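Encoded as C-alpha cells, the structure appears first; notes follow it.
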Amino acid sequence: MFISQKPRKKASARLQINIKGVRDGILLLPRRQYRLTLEVSPVNFELKSDEEQDVLIDTYESFLNALPCPLQIITRIREHDMGKYLSDLEARFVAENQEIYRRQIRSYSTFVQRLVTRNKILSRHFYVVLPYESSDDDFEAAKTQLSLNADIVTKGLARLGMQSRRLPSLEVLDLFHSFYNPNQAKAQPISGQVAELLTSSYVRGLQ
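Numbering (our numbering), first residue to last: 3 to 209.
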C-alpha cells in the first residue's frame, strides 16, 4: 500500500540562491561572504594579427599572475527584445512628414521585422566577479578591500584593451533576476524603487 504525502513546501528563491541582499553594488552572501561584479568589454582575439595575439597572451599571463584574489568569469547570452525598437521606428514613421524619409523608415522597419522573424538577435555580456570573505560583520572593511581588488583588476584588464565598470545595486539585482526569471525579466525588469526597497530592508535588518 502506498501512502501519499504532501510535498514539502518549496523554499523561496531567495533561500535557494542564498543571497542576503545587495548593498552599494556588492552582493551579500551567508557566512560573511561578499561579491563585487564588473562588466567587461570583449576583445576580438581572432581579428588580431599574430604579433598582437602573442602580446595579448603574454599580457594575459601577467594579468593572471598579478591577481589579488580569485575571480569568476561569466558570459551572459540573452535574446534581444526587438519590440520596443520596432515601436520606436513606427513612432518615427508616424511623426515624419517627408515622404522620402517615410519610405526609408518603412523599408528599414520591414527589413528588421523579417530579420527577427528568421533569426534570434542575441547580445553577449561579460562579467568578472570578485569574492571576499570576512572574519567579522564589518561591511565597510569588506567594501574597501573589494574596491582595492577591483581597481587592480580593472587596470589589468585595461592593459588587455578591455574596459570595465562596476555594476550598481540595481544592475546586480537585474542580472540575477534575468538568470532565474528570464521570461519575467523581459516583461518586468527590476526598477530603481524595488532596488531601494530591498537595500533599505537589509539595512534595517542590520540595526
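Quick reminder that beta carbons are idealized off the backbone N, C-alpha and C, glycines included.
Predicted model, so just to flag it, every value in this text is computed and none were measured.
Residue nearest to valine 114 within the set Ser125, Glu135 and Gly85 is Gly85 (criterion: CA-CA distance). The criterion of a C-beta distance shorter than 8 Å is satisfied by serine 125 and histidine 82. For glycine 158, the enclosing alpha helix (DSSP H) stretches over residues 141 to 161. CA-to-CA, the gap between leucine 162 and alanine 97 works out to about 45 Å. Relative to threonine 77, the option among Asn151, Thr39 and Ala160 whose CA is nearest is Thr39. In this structure, Arg37 is the residue among Leu31, Arg37, Ala143 and Ser109 with its C-alpha nearest to the C-alpha of leucine 169. DSSP places valine 57 within a helical segment (H, G or I) once states are collapsed to three. Beta bridge pairing from DSSP links histidine 179 with no other residue.
Nearest Cα to proline 133 within the set His179, Leu150 and Gln106: Leu150. Beta-bridge annotation (DSSP): glutamine 74 is paired with Val131. Of the residues Asp140, Lys122 and Ala152, the one whose Cα lies closest to the Cα of valine 130 is Ala152.
Listed in chain order, the non-local C-beta contacts of glutamine 165 below 6 Å within the same chain comprise Ser43, local neighbours out to five positions each way being set aside. With a threshold of 16 other beta carbon atoms within 10 Å, alanine 93 falls short and is exposed.
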